[in-house]
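**Student:** Just so you know, the sequences run in chain order U and X. Oh and the first sequence: position 143 is 1350 in this note's numbering, straight run, nothing missing. Oh and the second sequence: position 4 is 1211 in this note's numbering, straight run, nothing missing. The beta carbon of each residue, even a glycine, is placed where N, CA and C say it ideally should be.
There are 2 protein chains.
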Amino acid sequence: MSSSDKDQHPAEQLKNLRDAIDRVDSQLVELIAERARITAQVGRVKRSLQQPLYVPEREQQLIAARRDYARQQGVAEDLVEDVLRRIIRESYKTQSAQATATSQQLQRPVVIVGGKGQLGQLLTKFFVNSGYQVETIDKDDAFSESLAKRAQLVLMAVPVNVTLRAVEELPELAADCVLADVTSIKAEPLAAMLAKHQGPVVGLHPMFGPSVHNLAKQLIVVTHGRHPRNYQWVIEQFVNWGAHIETISAEQHDTAMGWIQAMRHLSTYTYGLHMAEENADIESLVQLSSPIYRMELMMVGRLFAQNAELYADIICANQQQFTTIKRYLERFSAAIQLLENGDKERFIEQFNEVKAYFGSYATQFLEESESLVQLADDQRFRR
Amino acid sequence: MSSSDKDQHPAEQLKNLRDAIDRVDSQLVELIAERARITAQVGRVKRSLQQPLYVPEREQQLIAARRDYARQQGVAEDLVEDVLRRIIRESYKTQSAQATATSQQLQRPVVIVGGKGQLGQLLTKFFVNSGYQVETIDKDDAFSESLAKRAQLVLMAVPVNVTLRAVEELPELAADCVLADVTSIKAEPLAAMLAKHQGPVVGLHPMFGPSVHNLAKQLIVVTHGRHPRNYQWVIEQFVNWGAHIETISAEQHDTAMGWIQAMRHLSTYTYGLHMAEENADIESLVQLSSPIYRMELMMVGRLFAQNAELYADIICANQQQFTTIKRYLERFSAAIQLLENGDKERFIEQFNEVKAYFGSYATQFLEESESLVQLADDQRFRR
Chain U
1208 MSSSDKDQHP AEQLKNLRDA IDRVDSQLVE LIAERARITA QVGRVKRSLQ
1258 QPLYVPEREQ QLIAARRDYA RQQGVAEDLV EDVLRRIIRE SYKTQSAQAT
1308 ATSQQLQRPV VIVGGKGQLG QLLTKFFVNS GYQVETIDKD DAFSESLAKR
1358 AQLVLMAVPV NVTLRAVEEL PELAADCVLA DVTSIKAEPL AAMLAKHQGP
1408 VVGLHPMFGP SVHNLAKQLI VVTHGRHPRN YQWVIEQFVN WGAHIETISA
1458 EQHDTAMGWI QAMRHLSTYT YGLHMAEENA DIESLVQLSS PIYRMELMMV
1508 GRLFAQNAEL YADIICANQQ QFTTIKRYLE RFSAAIQLLE NGDKERFIEQ
1558 FNEVKAYFGS YATQFLEESE SLVQLADDQR FRR
Chain X
1208 MSSSDKDQHP AEQLKNLRDA IDRVDSQLVE LIAERARITA QVGRVKRSLQ
1258 QPLYVPEREQ QLIAARRDYA RQQGVAEDLV EDVLRRIIRE SYKTQSAQAT
1308 ATSQQLQRPV VIVGGKGQLG QLLTKFFVNS GYQVETIDKD DAFSESLAKR
1358 AQLVLMAVPV NVTLRAVEEL PELAADCVLA DVTSIKAEPL AAMLAKHQGP
1408 VVGLHPMFGP SVHNLAKQLI VVTHGRHPRN YQWVIEQFVN WGAHIETISA
1458 EQHDTAMGWI QAMRHLSTYT YGLHMAEENA DIESLVQLSS PIYRMELMMV
1508 GRLFAQNAEL YADIICANQQ QFTTIKRYLE RFSAAIQLLE NGDKERFIEQ
1558 FNEVKAYFGS YATQFLEESE SLVQLADDQR FRR
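1. How is T1570 of chain U classed by DSSP in three states: helix, strand or coil?
2. Buried or exposed for Q1220 of chain X, please, with buried defined as at least 16 other CB atoms from any protein chain shown within 10 angstroms of its CB.
3. With a CB to CB cut of under 6 Å and the five nearest residues on each side skipped, what residues in its chain are close to E1458 of chain U?
4. Along chain U, in chain order, which residues have C-beta atoms closer than 8 Å to that of E1342 of chain X?
5. Tell me the rounded alpha-carbon separation between F1572 of chain X and I1489 of chain U.
6. Helix, strand or coil: how does DSSP classify E1376 of chain X here?
7. Quick one, which of U:I1228, U:R1265 and U:V1361 has its alpha-carbon nearest Q1268 of chain X's?
8. Buried or exposed for T1462 of chain U, going by 16 or more other Cβ atoms inside 10 Å?
9. Here's the rule: buried if 16 or more other CB atoms are within 10 angstroms of the residue's CB, otherwise exposed. What is Q1468 of chain X?
10. At 4 residues or longer, and completely inside the stretch 1486-1548 of chain X: list those alpha helix (DSSP H) runs for me, N to C.
11. Of all Cβ atoms in chain X, is any one closer than 9 Å to the Cβ of S1353 of chain U?
12. My output table needs one value for T1370 of chain X: the three-state DSSP class, helix, strand or coil.
13. Taking Cβ to Cβ, would you say A1277 of chain U is nearer than 9 Å to V1236 of chain X?
14. At least one CB of chain X closer than 9 Å to the CB of Y1564 of chain U: is that the case?
15. How about S1567 of chain X: is its C-beta nearer than 9 Å to some C-beta of chain C?
16. Please compile the residues from chain U whose C-beta is within a distance smaller than 9 Å of the C-beta of M1156 of chain X.
17. Hey, out of U:I1319, U:Q1257 and U:F1554, whose CA is closest to A1364 of chain U's CA?
18. So within the stretch 1238-1277 of chain U, which uninterrupted alpha helix (DSSP H) runs reach at least 4 residues, ignoring any that extend past its ends?
19. Are the CB atoms of K1332 of chain X and F1588 of chain U within a distance shorter than 9 Å?
20. Could you name the residues that DSSP lists as bridge partners for A1387 of chain U?
21. Ordered along the chain, which non-local residues of its own chain (more than five positions away) have a Cβ less than 6 Å from that of P1413 of chain U?
22. With DSSP as the reference, please indicate the residues paired to H1431 of chain X in a beta bridge.
23. Kindly give me the distance between the Cβ atoms of A1483 of chain X and G1281 of chain U, rounded to whole angstroms, as I take these residues to be in contact under 8 Å.
24. Residues of chain U with a CB under 8 Å from the CB of C1523 of chain X: which are they?
25. Using a Cβ-Cβ cut-off of 9 Å, state whether M1208 of chain X counts as contacting chain U.
26. Using a Cβ-Cβ cut-off of 9 Å, state whether M1482 of chain U counts as contacting chain X.
27. Taking three-plus beta-carbon pairs below 8 Å as touching, is the stretch 1545-1565 of chain U in contact with the stretch 1496-1506 of chain X?
28. Do the CB positions of V1408 of chain U and I1442 of chain U come within less than 9 Å of each other?
29. Could you check which residue in X:D1520, X:R1372, X:T1343 and X:R1230 has the C-alpha nearest to that of A1358 of chain X?
30. With 16 as the cutoff for other CB atoms within 10 Å, does D1347 of chain U come out buried or exposed?
31. For the pair the stretch 1253-1267 of chain X and the stretch 1293-1302 of chain X, tell me if three or more CB-CB distances fall below 8 Å.
32. Can you pull out the residues from the stretch 1223-1237 of chain U whose beta carbon lies closer than 9 Å to at least one beta carbon of chain X?
33. Look at the Cβ atom of A1524 of chain X, then the Cβ atom of S1391 of chain X, and state whether they are nearer than 9 Å.
34. Taking H1481 of chain U as part of the alpha helix (DSSP H), name the residues at either end of that continuous run.
35. Helix, strand or coil for I1392 of chain U? Go by DSSP, reduced to three states.
36. For chain U, is any of its Cβ atoms less than 9 Å away from the one on F1554 of chain X?
Next up, the structure:
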């Protein structure tokens, strides 16, 4: 504040300060616009160089440098990281994936079985953009033997409940052809592919919906099958498109999906059903919700804006989890019983056992979720 | 791009563009620092004017103006709103609440019963900062009759399981003294206060934890008791401190809390217990989690970094909900049965019934949750 400001009446000072904030905020908008113009140019140059859109190291380094600078400037580092990540996320949003082909054999086609499905179409687009010849086979198409002999990759992108049959019905593939699938369960499809084809086999699970514009930061789970060196180019292709790869055994994958998909979706579905049948008053729940409850409400409600059949299929594909889920219901009944009996001591004892199980994740999750909780809270104030 | 840029090799262009991004990002940090310096001045001026820290209209107007400007500059409006809200949230974080007292009777004390508890201490701080005389009574303190006759407000901030007894044990208050509580259930405490005291009575439920630095945007639920005009100053005081007020009947409040607190906390608790007893492999769940599942995992894990006894008390205070929760468990069993029988049609039918129940909230929640989901996704990439 200059000395002339000091002579001002506080109300006038307040007005001047608010004008100053408005000017800073306008400059902020201009900077964001300028950054967007530059990143659009980066996108064009990268396409001409056929370089990947998303380079994790560059992003980490960019953020680390700006965190350092924030510290120097006396600004909270997490604030700067949050703001930058939000802006960067926007810049990836609409750009299309483009990267050099990692295969040397662009004269041999990539065959996408189920290529007319949503995920099939998306994968087709990516392979075509990177210069591959792509042939799509859909449910009414024949997969000719001559195509099977030429294919360098056969990618199964059919619904989970028909994957096994579709694998069995494949014609004989060239010995060096890679056979891969993108089913949300892995053990059975992988076993079926290994039985069908003696060449390289790999199971993939893309953990994202077909609405993504590009694969920047999207997670793809890899479960190894046979001859990893021969399908390494497929994994590298996904990395070039920006994907984040996690590798795990098919069995561990399926166990984890029992939690991540079956348990998660089934309990969310039942929660919504319960609210509907109890006719819970959503208006007053929204009105009174704490940020965390608002998040829960969103997570439940959003499921019902999506595809019923898809959820039914995902849950049913993880039927092996149902036995475990039944034990969850027993534990739930027991917990109610405990509290009805007023046995607070046992509740606290159990609570501490679970706390020990979560270990350092408990506090880590508490800290990480803080920004989510605050964002959920901000949602209340949006128009 | 200038014409000289066009002559550059693309790799060199890319380097120059990246340098330009780094410059823009550094300017962004500087702007955030400048804004923080201005808002700190605003805080000082507001304290001298005894004006509230958070003024909803000013914030709405500021954001609306910058959204307009974003549109003019060709930047996504939601991006600008998200960035501004994040920066504004930071600026409220550490400022202490300060506002003019709304009571005319600063010579008469505010008495906080349970004033040594966490919430009691927080409320004490706020009232003291705004110029009130505050007396705190804790469990071993006597509430003298002379203090009771002078008090202009008696605020019950004792644990939920002792509120009723603490109300009954109050000495006789002055006829114009306001009796209020901050318990997480409302019907019973409100009835007890109305029976005890013939003057103004109001039930309050602050929907935030005692770790907040100020009340900017924090939700306080008001359930009216008796003589609203006489306790209007108390509500206005909370508004001056920045709180957001929602008014509802005590019964509706308790029904909603049955969902927001009992159902929510009990199912989260049981989910954690289930994971612990099944010895679910958290590492692989974290490794493979989709952003939404990661959110769920955070929401479960974070509970166990908190106070076991507090959760036991909150859940037990909403025992009326247990009958409803038992029906939830029945519905859950029925849903599993349905899917085990392969009755996908009935599942989809029910799904659509729930979708109808959620109405426009389903898509609204899907849209609102998108930014949360993306933020949860970003968390994966933080160091």
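**Tutor:** Quick look at the numbers:
1. helix
2. buried
3. A1394
4. Within chain U, no residue comes near E1342 of chain X; the closest Cβ sits about 30 Å away, beyond 8 Å.
5. 12 Å
6. coil
7. U:I1228
8. buried
9. buried
10. 1489-1495, 1498-1510, 1515-1524 and 1529-1547
11. no
12. helix
13. yes
14. yes
15. Looking for chain C here will not work: the only protein chains present are U and X.
16. Summary: the structure shown does not reach residue 1156 of chain X, with chain X confined to residues 1208 through 1590, and so no result is reported for it.
17. U:I1319
18. none
19. no
20. U:L1362 and U:V1409
21. V1389 and I1427
22. X:V1409
23. Not quite, the Cβ-Cβ distance comes to about 43 Å (not below 8 Å), so this is no contact.
24. L1546, G1549 and K1551
25. Residue placement at M1208 of chain X is flagged as unreliable, the pLDDT there being 47, under the threshold of 50; the coordinate-derived value follows with that caveat. M1208 of chain X counts as touching chain U.
26. yes
27. no
28. no
29. X:T1343
30. exposed
31. yes
32. L1224, R1225, A1227, I1228, D1229, V1231, D1232, S1233, Q1234, L1235, V1236 and E1237
33. yes
34. R1471 to E1484
35. coil
36. yes
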